[in-house]
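Residue numbers (the working numbering): 4 to 462.
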């Protein structure tokens, strides 16, 4: 047995050396829950893959209702041809959401009377499209100043690319041609017309939609080249009765992407919270986000995640594969752009490992916006900052054994203060009542170290 003991000792010493050698950014936690977009009733999702002035933008369509009533009008900085537009797959947004969502991780306290070394735990459908050519430069008969620059069908969508001279004329033309847009939209259309932007207009082709066999509308993808790195959000506010949530996944070969015309703020992260939050994580995150949103005067963009796509720690989902990145619009890797999407600006970069997604940095921004607090569209800026960040919340389970040594007794004496500190932190983050929190964790402000509160904590 002696050689075995020596071998175990060597392994433990080696493991300790490795643990000290880990980078400071390694969390080594166990992922248990995530705050994804399903928490919000009206959360729009957009993917923007951009390198230099080249962009592929993917818009998720979460339209609820009869698809025959669906219509979108999106200002775009340049004229789009039919080969620059395709439909995507909703699952790619689900993958990005799962990978980058704020997360809850848990740890278990080791026996204070023993040295325990924990091991570290780390935790594709092709795009299809159909296009049909149309007539360019057709002026409407009533002289409303609207020009149909392009007309084509992509998947289940009939697409028009319009230019306009007057916002009132554009609003009238859209309404008279069967596009159900909110009354009074001309006020918000006018700034885009002054900037000489075009309008990407889509509605559902019912015959093509029936062929898809799906109950949901697929995302729309568009590729273009423009110095404008922006996302128009004002049109989405015209009929909004309440604040709207927008999740933007920004994919870059460089580093973090920030909002240039509003402050970019990191969500609170790294705090230790009571273990009962494991069963209420969705409610916790919504309350925490609202508290932070109100504290920042409701006019900031929150960074929820920033990470190199080749890794994660802890992982709430596996990093995207090269094929999935291609479907998300990443065109600068060897995997290229989505099938069938013409990207004349495509260029290749080395792809060091086919199993991982090196060369792509993801930034997840969460914007809750209202018309009065966000009077301007979002303007983004790319940076070379590759600092890793995630919205991450920690829950530590107390050791439940005897722990009869002196260190164990001291550990038990320290727990009431720790639980109270966690309760105070949770109240500050969420605005929840501190007495309710204390009741849930079995600790009151007058708890004595000698009181038998363990039954409540460990039940």
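Glycine residues also receive a C-beta, built at the ideal position from the N, C-alpha and C atoms. Since the structure is predicted, the reported quantities are computational estimates derived from the model, not experimental observations.
Query, Result
"Whole runs of the alpha helix (DSSP H) within the region 155-212, excluding any shorter than 4 residues", "170-179, 189-197"
"Residue 291 - DSSP class collapsed to helix/strand/coil", "helix"
"Burial state of residue 319 (16 or more Cβ within 10 Å)", "buried"
"Backbone CA spacing between residue 463 and residue 251 [nearest angstrom]", "What the structure shows of the chain is the stretch from 4 to 462, and residue 463 is not part of that stretch, so it cannot be assessed."
"Residue 213 versus residue 219 - alpha carbon distance", "11 Å"
"Exposure of residue 185, with buried meaning 16 or more beta-carbon neighbours within 10 Å", "exposed"
"Cα-Cα separation between residue 415 and residue 426, rounded to whole angstroms", "17 Å"
"Backbone secondary structure at residue 105 - three-state DSSP", "coil"
"Whole-Å CB distance - residue 233 paired with residue 380, under 8 Å assumed", "5 Å"
"Cβ distance (whole Å) where residue 152 is taken to contact residue 201 below 8 Å", "6 Å"
"Residue 381 - DSSP class collapsed to helix/strand/coil", "strand"
"4-residue-minimum alpha helix (DSSP H) runs that sit fully inside the region 247-306, ordered along the chain", "284-298"
"Top-ranked residue by Cα proximity to residue 210, from 159, 260, 298, 199", "159"
"Touch test, the region 300-320 against the region 397-416, Cβ-Cβ under 8 Å, three pairs minimum", "no"
"Per-residue burial, residue 221 [other beta carbons within 10 Å of its own, 16 or more giving buried]", "buried"
"Whether residue 398 touches residue 236 by CB criterion (8 Å)", "no"
"Cβ neighbours of residue 410 in the same chain (closer than 8 Å, five flanking residues each side left out)", "115, 116"
"Status (buried if at least 16 other CB within 10 Å, exposed otherwise) for residue 308", "buried"
"Reduced DSSP secondary structure (H/G/I, E/B, other) of residue 329", "helix"
"Reduced DSSP secondary structure (H/G/I, E/B, other) of residue 5", "Low per-residue confidence applies at residue 5: pLDDT is 42, beneath 50, and the placement is therefore not dependable enough to give any value."
"Closest by C-alpha distance to residue 110, when choosing among 395, 443, 332, 386", "395"
"C-alpha gap between residue 64 and residue 316, whole angstroms", "30 Å"
"Reduced DSSP secondary structure (H/G/I, E/B, other) of residue 419", "helix"
"Where residue 366 sits in the DSSP three-state scheme", "strand"
"Residue 178, buried or exposed, once every other Cβ within 10 Å from all chains shown has been counted against 16", "exposed"
"Buried or exposed (CB count within 10 angstroms, at least 16 for buried), residue 124", "Residue placement at residue 124 is flagged as unreliable, the pLDDT there being 32, under the threshold of 50; a coordinate-derived value is accordingly withheld."
"Euclidean distance between Cα positions of residue 430 and residue 370", "23 Å"
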